[in-house]
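A.B. asks: Got a structure for you, questions after.
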Amino acid sequence: MKPSLTTLLITAALIATPWATVQAQSRAQSGALEERLQQLEARLERLERLLEGEALMEMMQRVDAMDQDVRELRGESEQLRHEFEGVRHRQRELYLDVDSRLERLERSQASLPATPAPIPGTAPPARPDPAPPATPATSAAPADSTSEQAIYQAAFDQLRQGRYQQAVTGFRQVLEQFPDGRLAANAQYWIAEAYYVTRDFPRALEEFKRVNQRYPGSNKQLDALLKQGFTHYELEQWTQARSVLTQVRDQDPGSSVARLAEQRLRRMDEAGRP
Numbered sequence: 001m002k003p004s005l006t007t008l009l010i011t012a013a014l015i016a017t018p019w020a021t022v023q024a025q026s027r028a029q030s031g032a033l034e035e036r037l038q039q040l041e042a043r044l045e046r047l048e049r050l051l052e053g054e055a056l057m058e059m060m061q062r063v064d065a066m067d068q069d070v071r072e073l074r075g076e077s078e079q080l081r082h083e084f085e086g087v088r089h090r091q092r093e094l095y096l097d098v099d100s101r102l103e104r105l106e107r108s109q110a111s112l113p114a115t116p117a118p119i120p121g122t123a124p125p126a127r128p129d130p131a132p133p134a135t136p137a138t139s140a141a142p143a144d145s146t147s148e149q150a151i152y153q154a155a156f157d158q159l160r161q162g163r164y165q166q167a168v169t170g171f172r173q174v175l176e177q178f179p180d181g182r183l184a185a186n187a188q189y190w191i192a193e194a195y196y197v198t199r200d201f202p203r204a205l206e207e208f209k210r211v212n213q214r215y216p217g218s219n220k221q222l223d224a225l226l227k228q229g230f231t232h233y234e235l236e237q238w239t240q241a242r243s244v245l246t247q248v249r250d251q252d253p254g255s256s257v258a259r260l261a262e263q264r265l266r267r268m269d270e271a272g273r274p
C-alpha cells in the first residue's frame, strides 16, 4: 500500500524541524562568537593604546633625563672653561709681573756706578770736603712720555690688561723710534707673545724668529727660541717643534727654559709624535 501524500508531508516536516532548529542554534552561536571576537578586539586595541601611551611616557621621561644630564654637563663644562681661563689669566699676570721685576732689577744694576776695589796696602783716597747744601728745586721735571722706557712701559701695561692689539702698536713704536735701544729685543719678544696668546700662531712664529735674527745674544733669545718650538707644536709641525725644543734643551741644561722644553718633548713622545 503506497503512503499517502499527507503521510509524506508529515514525515518531511518531522525531519525538517530538527534541522531548522540546528541551523537557528548555529546562527545564534555564530552571532555570539562574532560579538565576543569584537569585544576581544576592542579590549586588545585599548590595551595596545595603553601600552603605547606608557611606552611613549617612558621614552619622554628618558629623553627629559638625558636632556637634564646634557644641561648639567654643559654647565660643568662652562665652569671648567671659566676656571681654566682664570688660571691662564693668573699665570700670564704672574709671568708678566716676574718679567717686569727682572727688567727693573737689570736696569737698577746697570745704573749703579762701578766702584773699583781698593788696592791692598794702599791708603784709601782722601775724602773730599763736603759740598755746600744744594738749594731745593722748585718743581720736579715731568717724566718724558716719549722716552723709550715710557713707551715700552705703556705698551707693557696694555699687554697685562689683555689689550693685545694696543700693546703690539706700542711695542712697534719702540722698535721704530729706538731700533737699537736696550728694550728693543724685549719689545720684539712681546709683540710675538701677543700674537701667541691670541692664537695667531703663523704670525707669532714669524715674530719670534725676528728676536733671534735681529737681536742675537739678547736676554730674550732663548725664551724666543722656546716659544718657536711651542708655536711649531701648536701648528702641528712636529719635526720642526722637536728640532727647536731639543736645541733649547741642550743649549742651557738645567735652566727653567730647558725644563719647559724637556716637558714638551716628553709630551710629544707620550703622544707618539715624530
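Position 158, counted from 1, in the sequence shown is what the UniProt record's numbering calls 158; the numbers after and before it change by one each time, with no gaps. Note that the Cβ used here is the ideal one computed from N, Cα and C, for glycine as well.
At 4 residues or longer, what runs of the alpha helix (DSSP H) sit wholly inside the stretch 144-170?
C.D. replies: Runs found: 148-160.
A.B. asks: Less than 6 Å between C-beta atoms, sequence neighbours within five positions excluded: which residues of the same chain meet that for G254?
C.D. replies: Closer than 6 Å at the Cβ level, and outside the excluded window around G254, lies no residue.
A.B. asks: Go ahead and pull the three-state DSSP assignment for R199.
C.D. replies: Three-state result, R199: coil.
A.B. asks: F178 lies in the alpha helix (DSSP H); which residues open and close that run?
C.D. replies: No alpha helix (DSSP H) contains F178, which DSSP labels as neither H nor E.
A.B. asks: Alpha carbon to alpha carbon, how far is R203 from Y164?
C.D. replies: Answer to the nearest angstrom: the Cα atoms are 14 Å apart.
A.B. asks: Please state if the CB of F171 and the CB of A150 are separated by a distance shorter than 9 Å.
C.D. replies: Cβ atoms of A150 and F171: not closer than 9 Å.
A.B. asks: Quick check on DSSP: helix, strand or coil for N219?
C.D. replies: It is coil, neither helix nor strand.
A.B. asks: Assuming V174 contacts A184 under a Cβ cut-off of 8 Å, what Cβ separation, rounded to an integer in Å, is found between them?
C.D. replies: Yes, V174 and A184 are in contact; Cβ-Cβ is about 7 Å, under 8 Å.
A.B. asks: Between which two residues does the alpha helix (DSSP H) harbouring L260 extend?
C.D. replies: From DSSP, the alpha helix (DSSP H) with L260 extends over S256 to E270.
A.B. asks: Nearest-angstrom Cα distance between R182 and N212?
C.D. replies: Answer to the nearest angstrom: the Cα atoms are 15 Å apart.
A.B. asks: Please identify the residue among E34, R46, E58 and P274 whose C-alpha is closest to the C-alpha of T246.
C.D. replies: T246 has its Cα closest to that of P274, out of E34, R46, E58 and P274.
A.B. asks: Using the three-state DSSP reduction, which class does Q273 fall into: helix, strand or coil?
C.D. replies: The sequence shown places Arg at residue 273, not Gln. R273 falls in the coil class under three-state DSSP.
A.B. asks: Keeping to the same chain, check which residues put their C-beta closer than 6 Å to that of E192; ignore five residues upstream and five downstream.
C.D. replies: Checking the displayed sequence, the identity of residue 192 turns out to be Ala instead of Glu. The answer, listed in chain order, is A204, E207 and F208.
A.B. asks: Look at the alpha carbon of E236 and the alpha carbon of G53, and state the distance between them as a whole number of angstroms.
C.D. replies: Their backbone Cα atoms lie some 54 Å apart in a straight line.
A.B. asks: Checking 9 Å against the spacing of the C-beta atoms, do V197 and L225 come in under that value?
C.D. replies: No, Cβ-Cβ distance for V197 and L225 is not below 9 Å.
A.B. asks: Run through DSSP, which three-state label would L235 get?
C.D. replies: Reduced to three states, the DSSP call for L235 is coil.
A.B. asks: Which of the three DSSP states, helix, strand or coil, is assigned to R127?
C.D. replies: Bear in mind that a pLDDT of 40 at R127, under 50, signals an unreliable position, so the model cannot answer this.
A.B. asks: Flag this pair as yes or no: are the beta carbons of Q240 and R210 separated by less than 9 Å?
C.D. replies: Against a cut-off of 9 Å, the Cβ pair of R210 and Q240 comes out as no contact.
A.B. asks: Is the CB-CB distance between L159 and A194 below 9 Å?
C.D. replies: A contact, by the Cβ cut-off of 9 Å.
A.B. asks: Assign D252 to one of three DSSP states: helix, strand, or coil.
C.D. replies: Reduced to three states, the DSSP call for D252 is coil.
A.B. asks: Go through its chain and collect everything with a Cβ distance to F178's Cβ below 7 Å, but skip five positions before and after it.
C.D. replies: Here the set comprises E148 and A184.
A.B. asks: Taking only the alpha-carbon atoms, compute the straight-line gap between G31 and M59 and give it to the nearest angstrom.
C.D. replies: In a straight line, the C-alpha of G31 is about 42 Å away from that of M59.
A.B. asks: Would you check if the distance between the CB atom of Q263 and the CB atom of V244 is smaller than 9 Å?
C.D. replies: Contact flag unset, no.
A.B. asks: In whole angstroms, what separates the C-alpha of G272 from that of L265?
C.D. replies: Between G272 and L265, the C-alpha separation is close to 11 Å.
A.B. asks: Under the rule that 16 or more other beta-carbon atoms within 10 Å means buried, what is T146, buried or exposed?
C.D. replies: Answer is exposed; the Cβ neighbour count stays below 16.
A.B. asks: Looking at C-alpha atoms only, which residue of N186, R242 and Q29 is the closest neighbour of G217?
C.D. replies: Here the closest residue by C-alpha is N186.
A.B. asks: Would A261 be called buried (16 or more neighbouring beta carbons within 10 Å of its own) or exposed?
C.D. replies: A261 should be labelled buried.
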